[in-house]
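Q: In our numbering, the protein residues as written are 22 to 313.
By construction, the Cβ of each residue, glycine as well, lies at the ideal position given by its N, Cα and C atoms.
Quick caveat: nothing in here was measured; it's all calculated off a predicted structure.
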């Protein structure tokens, strides 16, 4: 094994991994590696973090952060998603321990089962959270002096969906971001060199999809349109199962973003949007630009 020569206290010292070495120098080396990571990996870390969480963070800052009630609903939504993850992870862990670890077919089947079961449990908890928010909203109306509610069901749907999405994205991306700081070279063993970038894009899509699904799901519950709820669950299953196609990202990312765009349009109209509203906004912006 080769030795590593470093400058320590004005002298060059040799660091050999197999020898007992100066603990101060070991601390110095580890501290230098921690506080001075390679520039390329830092750029990858921040780039992927901004891609994955930038839009969600912007939505939180501009639409939620100033309203304490919305912040509470968002945090509670994230907590409900965590509960669904805890229960689905527990079931999957028990199933893995009860099966043969040497049988690759069984392990792959359990992975697919875990994905499907987790999605169904998330949607079940989304419905439970809707029921809880509906009861809480009725209670707020009862104790309020005004006839109107402090927050509408559509606003609650958006905030709750964003809470689901942020927590889902955090759990799927945090470990990947940690690995992106190095050490290591992405794709050195023939794997995709775009792993971190595509993972960030997938996390962004999932975060936005949870927001759109929340809006459409709550609207379906309000109108008692059970087919709407069924479509949301099926699309959630479809998108989650597409992740099983990785690392064939060209086969999973484009369909996921097609679903994201379609759900964005559906959520826009479900929340009360219309083409006339869009044209009005565009006209007002043009007027403001012309006047300035």
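Whose C-alpha, out of 229, 171, 150, 111, is nearest the C-alpha of residue 81?
A: Among 229, 171, 150, 111, the Cα nearest to that of residue 81 is on 229.
Q: Can you give me the Cβ contacts of residue 95 inside the same chain, cut-off strictly under 7 Å, excluding the 5 residues immediately before and after it?
A: Cβ neighbours of residue 95 beyond the five flanking positions: 85, 180, 183, 184.
Q: Let me know the secondary structure DSSP gives residue 244 once reduced to three states.
A: The answer is helix: DSSP assigns residue 244 an H, G or I state.
Q: Quick check: the region 228-242 against the region 261-272, are at least 3 beta-carbon pairs closer than 8 Å?
A: Contact fails: fewer than three Cβ-Cβ distances are below 8 Å.
Q: Looking at residue 187: is its Cβ nearer than 8 Å to the Cβ of residue 70?
A: The answer is no: Cβ separation not under 8 Å.
Q: How would you call residue 290, buried or exposed, if buried means at least 16 neighbouring beta carbons within 10 angstroms?
A: It is exposed - the Cβ of residue 290 has fewer than 16 other Cβ atoms within 10 Å.
Q: Between the C-alpha atoms of residue 173 and residue 292, what's the straight-line distance to the nearest angstrom?
A: Roughly 11 Å separates the two Cα atoms.
Q: Just reading off the alpha helix (DSSP H) that residue 177 is part of, what are its end residues?
A: Start and end: 174-201.
Q: Let me check understanding here. Comparing Cα to Cα, which of 202, 141, 111, 238 lies closest to residue 14?
A: Since the first residue of the chain shown is 22 and the last is 313, residue 14 is not available in this structure.
Q: In angstroms with no decimal places, state the Cα-to-Cα distance between residue 213 and residue 112.
A: Near 32 Å, if we compare the C-alpha coordinates of residue 112 and residue 213.
Q: Below 6 Å CB to CB, which residues in the same chain sit around residue 144 once its five sequence neighbours on both sides are set aside?
A: Once the five neighbours on either side are set aside, the close Cβ partners of residue 144 are 254.
Q: Give me the Cα-Cα distance between residue 175 and residue 247, rounded to the nearest whole angstrom.
A: In a straight line, the C-alpha of residue 175 is about 17 Å away from that of residue 247.
Q: Using only alpha-carbon positions, find the residue among 256, 217, 197, 238 that is nearest to residue 250.
A: The option with the nearest alpha carbon to residue 250 is 238.
Q: List the whole-angstrom C-beta distance separating residue 274 from residue 194, where the pair is believed to meet the contact cut-off of C-beta under 8 Å.
A: About 15 Å separates the two Cβ atoms, so there is no contact after all.
Q: Starting from residue 89, trace the alpha helix (DSSP H) both ways and give me its first and last residue.
A: Per DSSP, residue 89 belongs to the alpha helix (DSSP H) from 89-119.
Q: Note down the Cα distance separating residue 109 from residue 221, rounded to an integer number of angstroms.
A: Rounded to the nearest angstrom, the two C-alpha atoms are 24 Å apart.
Q: Excluding sequence positions up to five away, which residues of its chain have a Cβ less than 8 Å from the Cβ of residue 90?
A: Only 171, 172 meet the Cβ criterion.
Q: Apart from the five residues just before and just after residue 276, which ones in its own chain have a Cβ nearer than 7 Å to its Cβ?
A: For residue 276, where only same-chain residues beyond five positions count, the Cβ hits under 7 Å are 263.
Q: From 66, 280, 258, 102, pick the residue whose C-alpha is nearest to that of residue 137; which is it?
A: For residue 137, the nearest C-alpha among the options comes from 258.
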